[in-house]
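Chemist: For the first sequence, the residue numbers in the numbering used here are 463 to 1111.
Every residue gets a Cβ at the ideal spot worked out from N, C-alpha and C, and that includes glycine.
Just so we're clear, the structure is a prediction, and the values are computed from it rather than from any experiment.
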Amino acid sequence: MEELINITFPDGAVRQYQKGSSAIDIAKKISEGLARKVLAADVNGVTWDATRPINNDTSIKFLTWDDINGKSTFWHSSAHLMAEAIQSMFPGVKFWVGPPLENGFYYDVDLGENVIAEEDLKKLEIKMTELARQNNNYVRKEISKKDAVQYFADKGDEYKLDLLGGLNDGEITLYSQGSFTDLCRGPHIPATGIIKAVKLTAIAGAYWKGNENNKMLTRIYGVTFPTQKELDEYLVLLEEAKKRDHRKLGKELELFTFSEKVGMGLPLWLPNGTMLRERLQQFLQKAQTEAGYLPVITPHIGHKNLYVTSGHFEKYGKDSFQPIKTPQEGEEFFLKPMNCPHHCEIYKSSPRSYKDLPLRFSEFGTVYRYEQHGELHGLTRVRGFTQDDAHLFCMPSQVKDEFKKVIDLVFYVLKSLGFTDYTAQISLRDKIDRSKYIGSDENWEVSEKAIIEASAEKGLKTVIEYGEAAFYGPKLDFMLRDAIGRKWQLGTIQVDYNLPERFELTYIGEDNARHTPVMIHRAPFGSLERFVALLIEHCAGKFPLWLTPVQVKILPISEKFLPYAENVLNALKIADIRAVIDDRNEKIGKKIRDTELAKIPYMLVIGEKEVQNENIAIRRQGKGDLGTKSMAEFIAMVNEEVENKRAFE
RNA sequence: GCCAGUGUAGCUCAGUUGGCCAGAGCAGCUGAUUUGUAAUCAGCUGGUCGGGGGUUCGAAUCCCUCCACUGGCUCCA
């Protein structure tokens, strides 16, 4: 007699199926097409193998390639497939872990004496495709801890034994496909044949358990897809990302450079880059002035004692540049790694009343940190950079309001720069372990609540992460997606109880008693270097008109029209439009081509006709000839575009 | 710092079974041309082949070492 179970679908429908049916069995009853797409199933909120029998009443959701969990299952299984290929190529290697990532997967392998090079990846890909074609099933097997230990001890696999050490009997499973068996929680896709396209992307070293004192394993990164077409699209996206690389564009557009002689990780801003950066700075400065910020300037070095007081010396001393010594015995200065200690001293320079608060000190402060060689990367990871920093000193009761104002400012910045796709993460204290945090429980609760409420009231999409707060306070970080969907970590707003205490900052309250203010760090851009890098990649070097270094290039057809070109240039200068003349002895086609490649938004072609008609022929970068207009019309057009901060396209 | 890879002119790149004075295009300079919407022609300049050491009759090419750059390095089965 058949036993039946009740299965609840996402739409609320409940249907009965034979006990022991798998998600695939159930999907097949609905349609063969669906069954082919099912990679895994969400069973009562847990991701399961699509082939695993279901014995109880449950809710179920089929997971396909379109679900994040479907993708990760697919990539996790792909990691196993890659492991099988590696094993066949290098028998006897040992495996650590092979998790899925946001965009693919990796596996950490101890290759023993073997060395794998980039050209081996091709061979591995071919092997993986071969194994995938065998269409072997991924088979789940529950095993007792004792048997599992026995199994891996026999194999001499210390890595899996290490993992087993942390697992309880009764929750241990093995997964096999083809000739490969792995200790694995699963779940996995039904069979290897679903993996149709394979690309191994990188090979890297990774310390075992991420600890640099441990042995270095070889990490192989890859990505797989259910169709070749999707892989091709992915590769096109990678190409697109390459074209947008800020290091490449920075060189081509003459924005910045690096010099070995100056020192690595120390960017040199060229005139074009400087104009862009200063424009961003002016833009934010104006917004901040309107929001009640007060500008301050502090020096590039500070006495060692300053950083001892702030705690930065203890925490970051070894990651700093070596101290600067003076003829004075025992005196040491450090390049400033942060602006906050200086700002705290500015706060202290005068007695403060509750009537002065909130007090908002802002500074585009350049800081220096010693990043390890391998960490350096273009403008995004450097040793000297400028933060769009500000420190808000306020009463605990003002935290929420200040957060709302900062969120407004960030919204304004993002909108002005054409970023529409962003989220935020609220980082709070660990729910249980509170020993590592400084500051009173009461203050923490007030601030955490303030951040959550401020974000909600501003309609910000947020994710709350417990245990991610800094030891000195909770924070709100902005994450945004650029034009081709890549995620960037942007500015941050952080509450800090630590520094006001360390610097013994106070204000006189309404009650005529001394109180400690709360400090809020905030940087909408994060750093100008990083933000410019993001902006370059977001708009592929085609900056919006209001930011671009050169807005207009005047292209005379021949030297004969230079005088008229000068007139045009003067008119533009008076109108505050950034323009230059291409007075080279070149043909117009050449001038246009060079200007197009330099991504300068507007070209004004000037020849006999324009001189005669007292107008200009306008050409837009990437769009071609726009016809003729009078100077007044053109200036109005440019001004409108600048005022509305239009994105380039 | 560690793993893997790369390093030839300002830029993009040829050249490696070790062998004439190391090449091209672009950029730059000089001259000719005075030009109508993505490259006018000609000539010239420019490199201790990342630095140092070694092997060799001979090294851009092979070995060692240092430097810089690129992709990674706490997403625990």
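Please list, in chain order, all residues of the same chain as F687 whose beta carbon is under 6 Å from its beta carbon, the five residues on each side excluded.
Modeler: Cβ within range, chain order: A659, L693.
Chemist: Quick one: what's got a C-beta closer than 8 Å to P803's C-beta in the same chain, skipping five residues either side?
Modeler: The answer, listed in chain order, is G764, L768, Y769, T771, S772, H774, L961, F965.
Chemist: Report the residue from R1108, D883, I1050 whose alpha carbon sits nearest the alpha carbon of R1081.
Modeler: Here the closest residue by C-alpha is I1050.
Chemist: With DSSP run on the structure shown, which of helix, strand or coil describes S909?
Modeler: S909 falls in the helix class under three-state DSSP.
Chemist: State yes or no: is the C-beta of K1061 within less than 8 Å of the C-beta of K1004?
Modeler: For K1061 and K1004, yes; Cβs fall inside 8 Å.
Chemist: Grab the span of the beta strand (DSSP E) containing P660 for me, first residue to last.
Modeler: The displayed chain sequence assigns Val, not Pro, to residue 660. 659-669 is the extent of the beta strand (DSSP E) around V660.
Chemist: Per DSSP, what are the beta-bridge partners of M678 in this structure?
Modeler: M678 pairs with Y669.
Chemist: Mind checking whether D570 and L679 have CB atoms under 8 Å apart?
Modeler: Yes; because the gap between Cβ atoms is below 8 Å, this pair is in contact.
Chemist: Would a C-beta distance cut-off of 8 Å place D456 and H650 closer than the cut-off?
Modeler: Outside the modelled stretch of the chain, which goes from 463 to 1111, sits residue 456, for which no answer is possible.
Chemist: Taking I926 as the reference, give the member of D892, K920, D903 with the closest Cα.
Modeler: Taking only the C-alpha atoms, the option nearest I926 is D892.
Chemist: Output the boundary residues of the alpha helix (DSSP H) element that contains K810.
Modeler: From DSSP, the alpha helix (DSSP H) with K810 extends over 802-810.
Chemist: What residues match up with W510 in a beta bridge as DSSP calls it?
Modeler: A503.
Chemist: Which whole-angstrom value describes the C-beta separation of S913 and I894, a residue pair presumed to lie in contact below a C-beta threshold of 8 Å?
Modeler: The sequence shown places Ile at residue 913, rather than the Ser named in the question. Not really, about 20 Å apart at Cβ, beyond 8 Å.
Chemist: Is it buried or exposed for Y928, if we count other Cβ within 10 angstroms and need 16 for buried?
Modeler: When all chains shown are included, Y928 counts as exposed.
Chemist: Along the chain, where does the beta strand (DSSP E) containing L942 start, and where does it finish?
Modeler: Looking at the DSSP string, the run of the beta strand (DSSP E) that includes L942 is 937-943.
Chemist: Evaluate the contact criterion for the region 735-747 versus the region 1066-1080: three or more CB pairs, one atom per stretch, below 8 Å.
Modeler: No, the region 735-747 does not touch the region 1066-1080.
Chemist: Count the other CB atoms, across all protein chains shown, that sit within 10 Å of the CB of F783; report buried if there are 16 or more and exposed otherwise.
Modeler: Classification for F783: exposed.
Chemist: Near L838, what residues of its chain come up, given a Cβ to Cβ distance below 8 Å and the 5 sequence neighbours on each side ignored?
Modeler: Counting only Cβ-Cβ distances below 8 Å, and skipping sequence neighbours, we find M726, G727, V844, R845.
Chemist: Can the beta-carbon of L996 be found closer than 8 Å to that of D944?
Modeler: Yes, the pair counts as a contact, with Cβ atoms nearer than the cut-off.
Chemist: From the DSSP output, which residues share a beta bridge with K949?
Modeler: According to DSSP, K949 bridges with R943.
Chemist: Please look up how many angstroms separate the CB atoms of I467 and Q478, rounded, as I've assumed it's under 8 Å.
Modeler: Their Cβ separation, rounded to whole angstroms, is 7 Å, which keeps I467 and Q478 in contact under 8 Å.
Chemist: Can you grab the Cα-Cα spacing for the pair F1096 / T1010, in whole Å?
Modeler: Their Cα atoms are separated by approximately 17 Å.
Chemist: Going by DSSP in three states, Q639 sits in which element: helix, strand or coil?
Modeler: Q639 falls in the strand class under three-state DSSP.
Chemist: Would the region 514-534 count as touching the region 611-618 if we require 3 or more Cβ pairs under 8 Å?
Modeler: The region 514-534, when compared against the region 611-618, does not touch it at the 8 Å Cβ threshold.
Chemist: Cα-Cα, which of E776, D903, Y778, K766 is closest to P785?
Modeler: Checked all of E776, D903, Y778, K766; the closest Cα to P785 is K766.
Chemist: Report the start-end ranges of each alpha helix (DSSP H) in the region 517-581 that is 4 residues or longer and not cut off at the edges.
Modeler: Counting only runs of 4 or more, we get 530-551.
Chemist: Is the separation between the beta-carbon of G988 and that of D958 shorter than 8 Å?
Modeler: Not a contact, by the Cβ cut-off of 8 Å.
Chemist: To the nearest angstrom, how far is the alpha carbon of A1033 from that of M1093?
Modeler: Taking the straight line joining both Cα atoms gives about 8 Å.
Chemist: If you follow the alpha helix (DSSP H) that N960 is in, where does it begin and where does it stop?
Modeler: Unbroken alpha helix (DSSP H) run through N960: 960-964.
Chemist: Of the residues L645, E587, E580, which one's Cα is nearest the Cα of V611?
Modeler: Nearest of L645, E587, E580 to V611, Cα basis: L645.
Chemist: Please state whether DSSP places N598 in a helix, a strand or coil.
Modeler: In the structure shown, N598 sits in coil (DSSP, three-state: anything other than H, G, I, E or B).
Chemist: Would you kindly report the start and end of the unbroken alpha helix (DSSP H) that includes D1038?
Modeler: First-last for D1038: undefined, no H or E at that position.
Chemist: From L715, H853, L742, R739, pick the residue whose C-alpha is nearest to that of L756; which is it?
Modeler: The option with the nearest alpha carbon to L756 is H853.
Chemist: Check whether the Cβ atoms of Y816 and F855 lie closer than 8 Å to each other.
Modeler: Not a contact, by the Cβ cut-off of 8 Å.
Chemist: Taking 8 Å as the cut-off, decide whether the C-beta atoms of P515 and S539 are in contact.
Modeler: Contact: no.
Chemist: Under a three-way DSSP split, which group does S606 fall into?
Modeler: The answer is coil: DSSP assigns S606 none of H, G, I, E or B.
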